[in-house]
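Down below is the structure, laid out as structure tokens.
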Amino acid sequence: MWEQIRSNRTRSFLVVTGMAVLLGVVGAALGLLFGGEGGTWIGVAAALAVWLALWATSVSRGDDLMLRIAGAQEVSRSDFPMLHNVVEEMAIAAALPVKPRVFVIEDDAPNAFATGLRPDKAAVTVTTGLLRRLDRDELQGVVAHEIGHVRNRDVALMVTAGVMLGSVALLAAVGRRALWWGGGRVRSRSGGDGAPQAAAVALALLVVVLAPIFAQLLYFALSRRREYLADACGAAYTRYPEGLARALEKISGVRVPARSVDPVTAPMYIVPPLPPGAMAARGARRPAWFSTHPPVEERVRILRSMAGAGIADYAAAFERVRGRRLVRHAEAPGPGLPAHASAVAPAAAPPGAPGPAERARAASDALLRARGYRLVQCPACGAVNKLPPPLAGTVVHCLRCGERLPGGHGGPGSETGCEDCSTPPRHSV
Amino acid sequence: MSPPLLVALVLAVLFVWGVFLWNRLVRSRNDVRNAWSQIDVQLARRHDLVPNLVEVVKGYARHEADLLREVAEARSRAVRLASRGADAAGELGEAETTLGLAISRLLGIAEAYPELKASRNFLALQEELASTENRIAFARQAYNDAVARYMTLRESFPDRLLAGGFEPYPYFTMKDEAARRTPDVTLDDLAGRSAV
Numbered sequence: 013m014w015e016q017i018r019s020n021r022t023r024s025f026l027v028v029t030g031m032a033v034l035l036g037v038v039g040a041a042l043g044l045l046f047g048g049e050g051g052t053w054i055g056v057a058a059a060l061a062v063w064l065a066l067w068a069t070s071v072s073r074g075d076d077l078m079l080r081i082a083g084a085q086e087v088s089r090s091d092f093p094m095l096h097n098v099v100e101e102m103a104i105a106a107a108l109p110v111k112p113r114v115f116v117i118e119d120d121a122p123n124a125f126a127t128g129l130r131p132d133k134a135a136v137t138v139t140t141g142l143l144r145r146l147d148r149d150e151l152q153g154v155v156a157h158e159i160g161h162v163r164n165r166d167v168a169l170m171v172t173a174g175v176m177l178g179s180v181a182l183l184a185a186v187g188r189r190a191l192w193w194g195g196g197r198v199r200s201r202s203g204g205d206g207a208p209q210a211a212a213v214a215l216a217l218l219v220v221v222l223a224p225i226f227a228q229l230l231y232f233a234l235s236r237r238r239e240y241l242a243d244a245c246g247a248a249y250t251r252y253p254e255g256l257a258r259a260l261e262k263i264s265g266v267r268v269p270a271r272s273v274d275p276v277t278a279p280m281y282i283v284p285p286l287p288p289g290a291m292a293a294r295g296a297r298r299p300a301w302f303s304t305h306p307p308v309e310e311r312v313r314i315l316r317s318m319a320g321a322g323i324a325d326y327a328a329a330f331e332r333v334r335g336r337r338l339v340r341h342a343e344a345p346g347p348g349l350p351a352h353a354s355a356v357a358p359a360a361a362p363p364g365a366p367g368p369a370e371r372a373r374a375a376s377d378a379l380l381r382a383r384g385y386r387l388v389q390c391p392a393c394g395a396v397n398k399l400p401p402p403l404a405g406t407v408v409h410c411l412r413c414g415e416r417l418p419g420g421h422g423g424p425g426s427e428t429g430c431e432d433c434s435t436p437p438r439h440s441v
Numbered sequence: 007m008s009p010p011l012l013v014a015l016v017l018a019v020l021f022v023w024g025v026f027l028w029n030r031l032v033r034s035r036n037d038v039r040n041a042w043s044q045i046d047v048q049l050a051r052r053h054d055l056v057p058n059l060v061e062v063v064k065g066y067a068r069h070e071a072d073l074l075r076e077v078a079e080a081r082s083r084a085v086r087l088a089s090r091g092a093d094a095a096g097e098l099g100e101a102e103t104t105l106g107l108a109i110s111r112l113l114g115i116a117e118a119y120p121e122l123k124a125s126r127n128f129l130a131l132q133e134e135l136a137s138t139e140n141r142i143a144f145a146r147q148a149y150n151d152a153v154a155r156y157m158t159l160r161e162s163f164p165d166r167l168l169a170g171g172f173e174p175y176p177y178f179t180m181k182d183e184a185a186r187r188t189p190d191v192t193l194d195d196l197a198g199r200s201a202v
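Line by line, the protein sequences are chains A and B.
Per the working numbering, the first sequence starts with residue 13, numbered consecutively.
Per the working numbering, the second sequence starts with residue 7, numbered consecutively.
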């Protein structure tokens, strides 16, 4: 079952190597421009040094910064029991060494992503919009997809490749600028015959223009492949491809722009986040080659045409839908796994499970509590008053009935929201 | 290159290769053991939750004494077998199946007791039990996958030349495929899947 993953690891390694070669070529071109013939190897070394420095900073800055940029907040088991349970279930199915940490972003755009350079330091983040819209099966599919990224070590891979893409772009920009502003000087310093020099400059120009484009194409191809693989894992862990398929449909059907998009984490999201301010119904789409994610409709079609639920079944479905192989021919897919293998009840939601409205309320209450708000139920009318931290120690009266609230809280209460009032004030920042 | 040197070189390569194969077997066996301990953890979690469930149900449904006793007995049998480790995987599977069905029936009677159904404790327990059932299923799935990988490795050439000390492990099966088709109310039926 994991042979497919291993074969893809080889292929991903080749893609990253290709990007490294591009980086080296750009470095050589720069060296040729600035230092003449002898400068090529120095240029290559300098380019690799730039990449290493950037890579070291992005690895050492850690995942916490990534999470902070996204505005994610770690949530406790008591506030989000179902989310924690689903993450734990999927960590077990993927045989991860430890359960990933769980974060929530207060954002109505439904999305999710995984972080963590190593499987034992992983975190799964979902938005409140996702929690509100998905049922338990669908949530399980999404979390399984993210755990698939963790298990396949995609975060480390995409950070490495992303930094490489950045280095190529940076160096190529330097080269273009040098050619633009100092083209004559560069040429005259090398001196000598004009024809070979002109050819070298033309070659270097070609390299600094084309290399970033090629690097980007490689990066996007790599990202799309990892998405397919994470989908395959999502189906295999849950043994229920339909859950993920339904989730993808729901998520892509909601055209709410994300509150913030970080280009570093963008490939890790389950669907590409719409940038803030994007038109709600943007018709034009990026061409598939210049996208970090495969088209959602295609992902759904592959998931729906799976005969079983194993990685091999996904590979077969991929081939049927796309007419290409997900894995090399040598790795003949082994026996498939039956969907719903034996007892894996497709994540039964308990009876009386909360509907979307209750889930949304529970999520926002939990986030308020995490921010230090106190949720006090009025003893007289039962309305829940949400008291922000600055009101601690003052006398508060219930917003609906005026009854004094327990707990030594009080005051004008103009900032407190009453659960049952027609327009509860918004506390989100 | 002189013949003795060549022989030494071939032996060295063979040795390194042997070490690689051996470590691969050890890693695979450790995967099986880790996966088993995960099943263990989740079964223990189920065993811990059952007394809570019995307590909550007892408070609302005193007439179900027979069923409550049945659940308690199934639990203690499962606890006993679980302490025997992977050797008893077969028997344990059956005991856990019985326990699972008893729990499902217990959750099912909530339909007849509206107060029980509305109880906050009961609802929280229900999510925990549903999650535990899932975890057991997923842990079992991961364990069986690990066993399949290990057994294939152990029996295939050239690893089998070294596999003498590597004992076989049984698959963990619960007879719930059949049980699920009986008219008994199961967790799935109860769930009333919220979306189609």
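Positions of the beta carbon are idealized from the N, C-alpha and C atoms, including for glycine.
Short of 6 Å in beta carbon distance, which residues of its chain neighbour A105/A, apart from the five on each side in sequence? Order them along the chain. Numbered from its first residue, the first sequence carries residue 105/A at position 93. Contacts found: Y249.
Would you list the residues sitting across from E254/A in a DSSP beta bridge? Within the first sequence, numbered from 1, the residue matching residue 254/A stands at position 242. DSSP, once it has assigned bridges, lists no residue as partnering E254/A.
Cα separation between N150/B and G55/A? For the purposes of this step, residue 150/B is taken as the residue at position 144 of the second sequence. For the purposes of this step, residue 55/A is taken as the residue at position 43 of the first sequence. Approximately 53 Å, taken between the alpha carbons.
CB A84/B to CB V153/B, shorter than 9 Å? Position 78 of the second sequence, counting from 1, holds the residue named residue 84/B. Position 147 of the second sequence, counting from 1, holds the residue named residue 153/B. Going by C-beta atoms, A84/B is not nearer than 9 Å to V153/B.
Distance between D91/A and D37/B (C-alpha atoms, nearest Å): Within the second sequence, residue 37/B is the residue found at index 31, counting from 1. Within the first sequence, residue 91/A is the residue found at index 79, counting from 1. So the two alpha carbons sit approximately 33 Å from each other.
According to DSSP, is A351/A part of a helix, a strand, or is it coil? Here residue 351/A refers to the residue found at position 339 when the first sequence is read from its first residue. Because A351/A carries a pLDDT of 46, less than 50, the predicted location of this residue cannot be relied on, and no value is offered for it.
Consider the Cβ of N40/B: report whether some Cβ of chain C lies at a distance smaller than 9 Å. In the structure shown, chain C cannot be found, because the protein chains are A and B.
For L60/A and G51/A, which I take to be in contact (beta-carbon distance under 8 Å), what is that distance rounded to the nearest angstrom? On the first sequence, residue 60/A is found 48 positions in, with the first residue counted as 1. On the first sequence, residue 51/A is found 39 positions in, with the first residue counted as 1. L60/A to G51/A, Cβ: 15 Å. No contact.
I think A181/A touches P131/A, with their Cβ atoms under 8 Å apart; what is that distance to the nearest whole Å? Along the first sequence, one-based indexing puts residue 181/A at 169. Along the first sequence, one-based indexing puts residue 131/A at 119. About 30 Å separates the two Cβ atoms, so there is no contact after all.
Rounded distance between the beta-carbons of L177/A and S24/A, thought under 8 Å: As a working note, residue 24/A is residue 12 in the first sequence. As a working note, residue 177/A is residue 165 in the first sequence. Wrong, their Cβ atoms sit about 14 Å apart, outside the cutoff.
Interface residues of chain A around A148/B at Cβ under 8 Å? Counting from 1 along the second sequence, the entry for residue 148/B is found at position 142. Simply I104, A105, A106 and A107.
Measuring straight from C-alpha to C-alpha, what distance separates Y231/A and F46/A? Taking the first residue of the first sequence as 1, we reach residue 231/A at position 219. Taking the first residue of the first sequence as 1, we reach residue 46/A at position 34. Approximately 28 Å between the Cα atoms of the pair.
Compare the C-beta of N123/A against all C-beta atoms of chain B and say whether one is closer than 9 Å. For the purposes of this step, residue 123/A is taken as residue 111 along the first sequence, with counting starting at 1. It does not: the Cβ of N123/A has no partner Cβ on chain B nearer than 9 Å.
May I ask you to list the residues that DSSP assigns as paired with F21/B? As a working mapping, residue 21/B is identified with position 15 in the second sequence. Answer is none; F21/B lacks a bridge partner.
Any non-hydrogen atom of the ligand ZN within 8 Å of F46/A CB: Of the ligands one can find in the structure shown there are none, so the ligand ZN has no counterpart to examine.
Need the endpoints of the alpha helix (DSSP H) that L64/A sits in, please. Taking the first residue of the first sequence as position 1, residue 64/A is located at position 52. Looking at the DSSP string, the run of the alpha helix (DSSP H) that includes L64/A is G51 to S72.
With 16 other Cβ atoms within 10 Å as the buried cut-off, status of E79/B: By one-based count along the second sequence, residue 79/B stands at place 73. Classification for E79/B: exposed.
Run down chain B in chain order and give the residues with a C-beta less than 7 Å from the C-beta of M94/A. Mapped onto the first sequence, residue 94/A falls at position 82. By Cβ distance, chain B contributes E133.
Check the C-beta distance from L183/A over to L42/A and give it rounded, since I have them as a contact under 8 Å. Here residue 183/A refers to the residue found at position 171 of the first sequence. Here residue 42/A refers to the residue found at position 30 of the first sequence. Confirmed, about 6 Å.
Using the Cβ count rule (16 or more neighbours within 10 Å means buried), how would you classify V220/A? Counting from 1 along the first sequence, the entry for residue 220/A is found at position 208. It is buried - the Cβ of V220/A has at least 16 other Cβ atoms within 10 Å.
Strictly by DSSP, which residues pair up with T399/A? Indexing the first sequence from 1 puts residue 399/A at position 387. According to the sequence shown, residue 399/A is Leu rather than Thr. In the DSSP assignment, the residues bridged to L399/A are R386/A.
What does the alpha-carbon distance come out to for the pair T406/A and V388/A? The residue labelled residue 406/A in the question sits at position 394 within the first sequence. The residue labelled residue 388/A in the question sits at position 376 within the first sequence. Using only the alpha carbons, I get a separation of about 13 Å.
Which one of R316/A, A190/A, P306/A and A321/A has the shortest CA to CA distance from R236/A? Counting from one through the first sequence, the residue named residue 236/A turns up at place 224. For the residues R316/A, A190/A, P306/A and A321/A, the minimum Cα distance to R236/A belongs to P306/A.
For A143/B and G96/B, the rounded distance between their alpha carbons: Stepping through the second sequence from its first residue, residue 96/B is reached at position 90. Stepping through the second sequence from its first residue, residue 143/B is reached at position 137. Near 15 Å, if we compare the C-alpha coordinates of A143/B and G96/B.
Would you mind reading off the limits of the alpha helix (DSSP H) that contains E121/B? The residue you call residue 121/B lines up with position 115 of the second sequence. It spans P120 to A124 - the alpha helix (DSSP H) in which E121/B sits, taken as one unbroken run.
What residues from chain A crowd round A145/B, counting only those whose CB sits closer than 7 Å? What you label residue 145/B is simply residue 139 of the second sequence in a count that begins at 1. Within 7 Å Cβ-Cβ: I104.
Give the single residue among L12/B, W23/B, A14/B and P9/B whose Cα lies nearest to the Cα of L167/B. What you label residue 167/B is simply residue 161 of the second sequence in a count that begins at 1. When each option's Cα is compared against that of L167/B, the closest is W23/B.
Leaving aside the five residues before and after L112/B along the sequence, list all residues of the same chain whose C-beta is less than 8 Å from its C-beta, in chain order. Mapped onto the second sequence, residue 112/B falls at position 106. The answer, listed in chain order, is L59, V60, V63, E70, L73, L74 and V77.
Using a Cβ cut-off of 9 Å (strictly closer), state whether V136/A contacts chain B. Locating residue 136/A in the first sequence gives position 124, where the first residue counts as 1. By this cut-off, V136/A is not an interface position.
State yes or no: is the beta carbon of S200/A nearer than 9 Å to at least one beta carbon in chain B? Within the first sequence, the letter at position 188 stands for residue 200/A. With a pLDDT of 46 at S200/A, under the threshold of 50, the modelled position of this residue cannot be trusted; read the value that follows with caution. Judged by the 9 Å Cβ criterion, S200/A is not in contact with chain B.
Any beta carbon from chain B within less than 9 Å of V98/A's own beta carbon? As a position in the first sequence, residue 98/A is number 86, starting the count at 1. Closer than 9 Å: yes.
Contact defined as beta carbons within less than 8 Å: I believe L256/A pairs with V154/A. What is the distance between those atoms, to the nearest angstrom? Position 244 of the first sequence, counting from 1, holds the residue named residue 256/A. Position 142 of the first sequence, counting from 1, holds the residue named residue 154/A. So it is a contact: roughly 7 Å between Cβ atoms.
Under a CB-based cut-off of 9 Å, is E101/A close to chain B? Position 89 of the first sequence, counting from 1, holds the residue named residue 101/A. So yes, E101/A belongs to the interface.
Along chain A, in chain order, which residues have C-beta atoms closer than 7 Å to that of R141/B? For the purposes of this step, residue 141/B is taken as the residue at position 135 of the second sequence. Ordered by position in chain A, the residues that pass the 7 Å Cβ test against R141/B are E100, E101 and I104.
Spell out a yes or no on whether the segment 81-88 of chain A and the segment 111-118 of chain A are touching, meaning 3 or more CB-CB pairs, one atom from each, closer than 8 Å. yes
State buried or exposed for S200/A, treating a residue as buried only when at least 16 other CB atoms are found within 10 Å of its CB. Residue numbering aside, residue 200/A sits at position 188 when the first sequence is read from its first letter. At S200/A, the pLDDT of 46 sits below 50, so the modelled position is not reliable and the matter cannot be decided from this model.
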